[in-house]
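Colleague:
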Amino acid sequence: MLILGIETSCDETSAALVADGKTILSSTIATQLDLLKKYGGVVPEVAARRHAELIGYVIKEALDTAGKTLDDVEAVAVTSRQGLIGCLMVGVAAAKSISYARQVPLIGLHHIEGHIFANILSNPDLPVPHICLTVSGGHNMLVHVQNKCRYELLGTTLDDAAGEAFDKIAKFLGLGFPGGPAIDKLSQQGNRKAFNFPRPMIKNKALDFSFSGLKTAVINMFKAQIAGGEPLPLADIAASFQEAIVDTLVAKTLRAVEEKDLKIVSVTGGVSANSRLRQVFTEVCKKRGIKVFFPKLSLCTDNAAMIAAAGYARMMLGERSDLRLNVFPNAPLGG
Amino acid sequence: MIVLGIDTSGYINAVGICDGERALADASFPARADSLEQIVDNIDSTLKTAGLTLKDMEGIGVGLGPGSWTGIKVGVTVGKMLAFSANKPVAGIPTLAALAYSARDKSPLVYAIISAGIRDTVYAARYRFNGNEVIQEGDYFTGGIKDLAPLIKEPVLLVGTGIDSYRQAIVGENGSLKIKIRALEAIPSGAAIACLAARRLEQRKSDNALSLTPLYLKESTAKAFVNKYATKGKK
Ligand SMILES: [Zn+2]
């Protein structure tokens, strides 16, 4: 079954063609990085306007790259839940128009379910059940993936997502946007132990996250350093900050693994591209006999291929959306 | 040429069908926050009522706005992706021109006016008719209704929704000129969009479906938006 996936929930306009939920024929992503750099973050109306401008081109490009036409498309899968409302609307409007004009089934999906499937798409041997840590600028969740399309939410962020903390600290340190890759790169020249930043809630039994305290600690230390007239060891600050985030994410994930008595971990979302996060997860999991999986780098950030893969799984369960499909910016993962 | 016309720029879903000469269907559905939820269903039911299908359409017309920013993004995306998917030519029609079209046999000169969402701020344009042709004169206007008043110096018909309050505001400003200003209550109709699109498409003046974008009139400038919305970091 050839599925056209569409994803416009935040700042990436993306379309993809995926066969049988596992073979990516094309994955086109138009990133709004130029706008992000200009505004220092996502401005919802600006992002939505860009989606409306690009959506047709991105879909055409996905078809052309795959060497397919709409005649070959057997279903349309689209992100309809969780994201910026005006952005989600553009994708859903496009998806239902194609579904109606071509008389093919439509399915609306939760964005986080897409991220869970990004890793299943990258690693066809990733078994269920497993624990999935999905972490980006917009979300930060621990999910017990009980079965394909059956989830139990174990924990989420109480304030900032880890990726959001990366962005804010990078902006503060003058490293530009997006912050994750910039801090990852600079950290490689820094001392991870130079500063002992707090690991928020790391000892706490709950599986929720909180990163705003860490952010404040980094900013306060930075200001104290300036006030003291000392030279600013940017690379050390970046490395120590990154280490605090990584330690927290790993510790909470391991706690979830213990609680559910599982030996399989999936790490996904934009932050799963972070090299230190991958390194620590790999080392720690190896020691404990836990298998850990990461998506291909191209499937870490928001993309439509993961939406098409999730759509296929749901369609195999017999699920469909009708043409009244609407968007829900704050919908829980559910299912 | 049979053309489907849609407009979701205001708080209605307008769907119409025109055969190039006359309207075969002209439906309007109330839709405040649920334009997206309803629009394709409303297109389907309008086609069915007329005994037609999307396949029977020879082109698609879509109201570009101005109007609700969300509404026009939804409408234009639906219009262009229907055209792309069904392989039909598409024509984007300014919603103000569709409003003016509904007054074409009532006055040689009209001002079409649409609320910009904020109190007393409007989008407007001046149109003159040549037969059934709607010709825009000058640029679009965006601003306070009181600032529009000095531009109106000759007898004119104002067209739009809630139009009498705009007429009163203009007469209040221009009272000393003693010119005749009438008002015609109207909504942008799907049939008007369809008929104007049919005219354009018959002249082979279609738009590129992929590049069609809404007519916002108000720019999403950095300052305006950064002031209005909290920025949110990502990734
Ligand atoms: Zn995401």
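Note that the protein sequences, when read in sequence, are chains A and B. Heads up: the first sequence at position 2 corresponds to 2 in this note's numbering, and the numbers run straight through without jumps. Heads up: the second sequence at position 71 corresponds to 406 in this note's numbering, and the numbers run straight through without jumps. Where a beta carbon is used, it is the ideal one built from N, C-alpha and C, also for glycine.
1. Taking only beta-carbon atoms, is Leu-389 (chain B) less than 8 angstroms away from chain A?
2. Hey, would you say the C-beta of Asp-302 (chain A) is under 7 angstroms away from at least one heavy atom of ligand 1?
3. In whole angstroms, what is the alpha-carbon distance linking Leu-4 (chain A) and Thr-65 (chain A)?
4. Is there at least one non-hydrogen atom of ligand 1 closer than 7 angstroms to the beta-carbon of Gly-269 (chain A)?
5. Which residue from A:Leu-325, A:Lys-171, A:Ala-313 and A:Ile-290 puts its Cα closest to that of Cys-132 (chain A)?
6. With which residues is Phe-328 (chain A) paired in a DSSP beta bridge?
7. Return the CA-CA distance between Gln-471 (chain B) and Ser-500 (chain B), expressed in angstroms with no decimal places.
8. So the candidates are A:Ser-27, A:Leu-25, A:Arg-50 and A:Thr-31; which of them puts its Cα closest to the Cα of Pro-549 (chain B)?
9. Buried or exposed for Gly-163 (chain A), going by 16 or more other Cβ atoms inside 10 Å?
10. Is the separation between the beta-carbon of Leu-483 (chain B) and that of Ile-514 (chain B) shorter than 8 angstroms?
11. From the beta carbon of Asn-562 (chain B), is the nearest beta carbon of chain A less than 8 angstroms away?
12. What residue does the alpha helix (DSSP H) around Arg-288 (chain A) start on, and which one ends it?
13. Assuming contact is defined by CB atoms lying nearer than 8 angstroms, are Gly-396 (chain B) and Ile-528 (chain B) in contact in what I supplied?
14. In angstroms, rounded to a whole number, what distance separates the CA positions of Ile-202 (chain A) and Glu-230 (chain A)?
15. I'd like to know if Met-416 (chain B) contacts chain A, where contact means its C-beta is closer than 8 angstroms to some C-beta of that chain.
16. At which residues does the alpha helix (DSSP H) containing Arg-534 (chain B) begin and terminate?
17. Does the distance between the C-beta of Gly-138 (chain A) and the nearest non-hydrogen atom of ligand 1 fall short of 7 angstroms?
18. Relative to ligand 1, is the shortest distance from any of its heavy atoms to the C-beta of His-110 (chain A) smaller than 7 angstroms?
19. From the DSSP output, which residues share a beta bridge with Val-491 (chain B)?
20. How would you list, in chain order, the residues of chain A whose beta-carbon sits under 7 angstroms from the beta-carbon of Ser-450 (chain B)?
21. Given a cut-off of 8 angstroms, decide if Lys-171 (chain A) and Phe-177 (chain A) are closer than it, judged by their beta-carbon atoms.
22. Can you give, in chain order, each stretch of the alpha helix (DSSP H) that sits fully within the stretch 63-132 of chain A and has at least 4 residues?
23. Express the C-alpha separation of Gln-503 (chain B) and Ile-516 (chain B) in angstroms, rounding to a whole number.
24. Consider the Cβ of Ser-380 (chain B): report whether some Cβ of chain A lies at a distance smaller than 8 angstroms.
25. Count the C-beta pairs between the stretch 346-362 of chain B and the stretch 99-112 of chain A that are closer than 8 angstroms, then say yes if the count reaches three, no if not.
26. Within its chain, find whatever has a CB closer than 7 angstroms to the CB of Val-58 (chain A); leave out the 5 residues flanking it on each side and keep chain order.
27. Can you give me, in chain order, the residues of the stretch 98-115 of chain A that have a beta carbon less than 7 angstroms from any beta carbon in chain B?
28. Gln-471 (chain B) lies in the alpha helix (DSSP H); which residues open and close that run?
29. Could you check whether the Cβ of His-51 (chain A) sits closer than 7 angstroms to any heavy atom belonging to ligand 1?
30. Rounded to whole angstroms, what's the CA-CA distance from Val-92 (chain A) to Asn-303 (chain A)? Just pull it up for me.
31. Spatial neighbours of Val-280 (chain A) within its chain, please: C-beta separation below 7 angstroms, excluding the five flanking residues on both sides.
32. Does the stretch 145-154 of chain A come within contact of the stretch 114-130 of chain A, defined as at least 3 CB pairs closer than 8 angstroms?
33. Let's see if you can read the secondary structure: which residues bound the alpha helix (DSSP H) around Asp-34 (chain A)?
34. Relative to ligand 1, is the shortest distance from any of its heavy atoms to the C-beta of His-115 (chain A) smaller than 7 angstroms?
35. Taking C-beta to C-beta, are Ser-9 (chain A) and Leu-17 (chain A) nearer than 8 angstroms?
36. Taking only the alpha-carbon atoms, compute the straight-line gap between Ala-331 (chain A) and Ile-337 (chain B) and give it to the nearest angstrom.
Modeller: So, from the data block:
1. So, interface residue.
2. yes
3. Distance between the alpha carbons of Leu-4 (chain A) and Thr-65 (chain A): 13 angstroms.
4. When distances are taken from the beta-carbon of Gly-269 (chain A) to the heavy atoms of ligand 1, the shortest one is below 7 angstroms.
5. A:Ile-290
6. A:Arg-81, per the DSSP bridge assignment.
7. 23 angstroms
8. Nearest C-alpha to Pro-549 (chain B): A:Arg-50.
9. buried
10. no
11. For Asn-562 (chain B), the predicted structure reports a pLDDT of 48, less than 50, and the residue's modelled location is therefore unreliable. The matter cannot be settled from this model.
12. Counted as a single uninterrupted DSSP element, the alpha helix (DSSP H) harbouring Arg-288 (chain A) occupies residues 275-288.
13. A contact, by the Cβ cut-off of 8 angstroms.
14. Roughly 31 angstroms between the two C-alpha positions.
15. yes
16. 525-537
17. yes
18. no
19. B:Ile-516
20. The contacting residues do not exist; Ser-450 (chain B) stays about 18 angstroms from chain A at best.
21. Cβ distance < 8 angstroms, so Phe-177 (chain A) and Lys-171 (chain A) count as in contact.
22. 85-102 and 111-122
23. 9 angstroms
24. no
25. no
26. Around Val-58 (chain A): Thr-13, Ser-14, Ala-15, Thr-28 and Ala-30.
27. Ile-98, Tyr-100, Ala-101 and Arg-102
28. From DSSP, Gln-471 (chain B) is part of no alpha helix (DSSP H) but of the beta strand (DSSP E) over 468-479.
29. no
30. 15 angstroms
31. Hits under 7 angstroms: Val-246 and Val-250.
32. Because the criterion of three Cβ pairs below 8 angstroms is met, the stretch 145-154 of chain A and the stretch 114-130 of chain A touch.
33. Where Asp-34 (chain A) is concerned, the enclosing alpha helix (DSSP H) starts and stops at 33-39.
34. Indeed, a heavy atom of ligand 1 lies less than 7 angstroms from the Cβ.
35. no
36. 41 angstroms
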